[in-house]
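Residue numbers (the working numbering): 15 to 207. Right, one structure below, let's go through it.
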């Protein structure tokens, strides 16, 4: 049985993606939006896909932070300063290595897309390029055109599935001794280091 916060996160992921599909299916091709930075031209459909991507990945981040608080019995203390604090606390205090959870590599690449959208209007930031982040796009089949991410409907569907898989796997690893038999418990223990 899943945690209530996991069920809530999965429902939010499903609803977000379904709402996106409901509002974009059957819509006639949109006119181009105005040019907004460095000559990038977008259309309403591309903007909708970027917004949905941003929301899907943000739901995973919020869920993971909520899970950390739940596992820590919501003890008062310093709030996490970001994603790295959350993942570090899960590993240090709860023996959950987020980087070893099923779907992590694809989710990490999805974060890169989200950050390009949120911080660079779809273009990779100088910091992302310096760290070699654009190479991760091959893992999730997101095209890069003129230094900007191109989120296709297929890539967005894959992102929604990646988020679902990761949330489900993280839920399982947060409570392996009560949720599974010996084989699954051992698998989570191996994943978590």
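For every residue, glycine included, the Cβ atom is placed at its ideal position computed from N, Cα and C.
- Listed as beta-bridge partners of residue 157 by DSSP are 164.
- Taking the CA atoms as reference points, residue 24 sits about 33 Å from residue 140.
- Within the same chain, Cβ atoms closer than 7 Å to the Cβ of residue 120 are found at 153, 154, 176, the five residues on either side in sequence being excluded.
- At a Cβ-Cβ threshold of 8 Å, residue 31 and residue 181 do not count as neighbours.
- In this structure, DSSP gives residue 95 a state outside helix and strand, which the three-state scheme calls coil.
- At the C-beta level, residue 124 and residue 187 stay beyond 8 Å of one another.
- Boundaries cannot be given for residue 135, as no alpha helix (DSSP H) includes it and DSSP labels it neither H nor E.
- Between residue 122 and the set 67, 69, 150, the nearest pair of CA atoms involves 150.
- A distance of 8 Å or more separates the beta carbons of residue 167 and residue 158.
- Taking C-beta atoms as the reference points, residue 26 and residue 73 count as a pair closer than 8 Å.
- For residue 143, the number of other beta carbons within 10 angstroms of its own is below 16, and it is reported as exposed.
- DSSP places residue 86 outside both helix and strand once states are collapsed to three, so it counts as coil.
- In this structure residue 169 is in contact with residue 156, their Cβ atoms being roughly 5 Å apart against a cut-off of 8 Å.
- Straight through space, the alpha carbons of residue 18 and residue 183 are spaced by roughly 14 Å.
- Look at residue 111 here: in three-state DSSP terms it is coil, with no helix or strand label.
- The alpha carbon of residue 118 has as its nearest neighbour, out of 135, 83, 85, 75, the alpha carbon of 75.
- The closest CA to that of residue 165, considering only 15, 16, 68, 21, is found on 68.
- Bounds of any alpha helix (DSSP H) do not take in residue 146, whose DSSP letter is neither H nor E.
- Burial check for residue 107: the Cβ neighbour count within 10 Å stays below 16, so the residue is exposed.
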